[in-house]
Amino acid sequence: MIKETLDNLIEAFPEWKGDLSKSTPGKEWEFVVTSPESEAKLIFSISDRINIKFGRKNLEFFHASESTDPLKDIVSDDLVFIEYYCDKKLAETLGQDVPSGIPEYQGGDIVSPETITNKNTDWYFANKLRVTSWSGALDRDIEAVYGQ
51 MIKETLDNLI EAFPEWKGDL SKSTPGKEWE FVVTSPESEA KLIFSISDRI
101 NIKFGRKNLE FFHASESTDP LKDIVSDDLV FIEYYCDKKL AETLGQDVPS
151 GIPEYQGGDI VSPETITNKN TDWYFANKLR VTSWSGALDR DIEAVYGQ
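Pasting the structure below:
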């Protein structure tokens, strides 16, 4: 399964041949592809299915062919990863009450860049959005306080 999956991915993305030809040391089922333009990376875990991690979001597929279109959207920046954060210093500045123990990372998703706004209606304690794109061209932090 691993060799067949890697061959299919290399056929669709020949520029990844070097990254996909060597697994993570001690994890013969894990492969990491790093963007040539930014710090973004895709982590492939291959077993009876393919799990692809972009940012903190996991995408799961049963066949490499199912992953091709979403991967093309990621590498062309038609899909980006957004993370909702609770920036405690920003919360202090804004007078936002954040109870102790609230984690910095609040949640995230893979979305089309056109859908990103500075409106936060999803994560109560989040006050910042971080956008990560494959090329790095769309990377930015956005102040996004819940309800404002």
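Following the numbering used here, the numbering of the sequence shown begins with 51 at its first residue and continues without gaps.
Idealized CB from N, CA, C, for every residue including glycine.
Whether residue i touches residue j by CB criterion (9 Å)
i: glutamate 193; j: lysine 178; result: yes
i: serine 117; j: leucine 129; result: no
i: threonine 63; j: leucine 140; result: Here residue 63 is phenylalanine; the residue named in the question, threonine, does not match the sequence. No, Cβ-Cβ distance for phenylalanine 63 and leucine 140 is not below 9 Å.
i: cysteine 136; j: valine 125; result: no
i: glycine 186; j: glutamate 65; result: no
i: threonine 182; j: glycine 68; result: no
i: aspartate 127; j: leucine 59; result: no
i: glutamate 154; j: lysine 138; result: yes
Expected contact under 8 Å - CB spacing of residue i and residue j to nearest Å
i: lysine 77; j: valine 83; result: Contact doesn't hold; Cβ gap of about 15 Å is too wide.
i: phenylalanine 131; j: isoleucine 160; result: 5 Å
Proximity to residue i [Cα-Cα], best of the options
i: glutamine 198; options: Gly186, Asp172, Ser95; result: Asp172
i: isoleucine 152; options: Val161, Asp189, Lys107, Tyr134; result: Tyr134
i: leucine 56; options: Arg99, Gly186, Arg180, Pro86; result: Arg99
i: lysine 107; options: Asp119, Phe94, Ala114, Ser115; result: Phe94
i: serine 73; options: Gly157, Asn170, Lys53, Ala176; result: Lys53
i: asparagine 101; options: Ser183, Gly68, Lys67, Glu80; result: Glu80
i: lysine 103; options: Val195, Gln146, Trp184, Tyr174; result: Trp184
i: threonine 167; options: Ser71, Phe112, Tyr196, Ser115; result: Tyr196
i: glutamate 142; options: His113, Ala176, Gly158; result: Ala176
i: tyrosine 174; options: Gln156, Phe112, Arg190, Ser162; result: Gln156
i: alanine 114; options: Ser162, Arg190, Glu61, Asp191; result: Glu61
Cutoff 9 Å: residue i Cβ touching any chain D Cβ
i: tyrosine 155; result: Absence of chain D from the displayed structure is noted, only one protein chain being present.
Checklist line | beta strand (DSSP E) runs contained entirely in the region 106-159, provided each spans 3 or more residues | finding: 107-111, 130-135
Check: Along the chain, which unbroken stretches of the beta strand (DSSP E) at least 3 residues long are found entirely within the region 54-107?
Finding: 80-84, 91-96, 100-104
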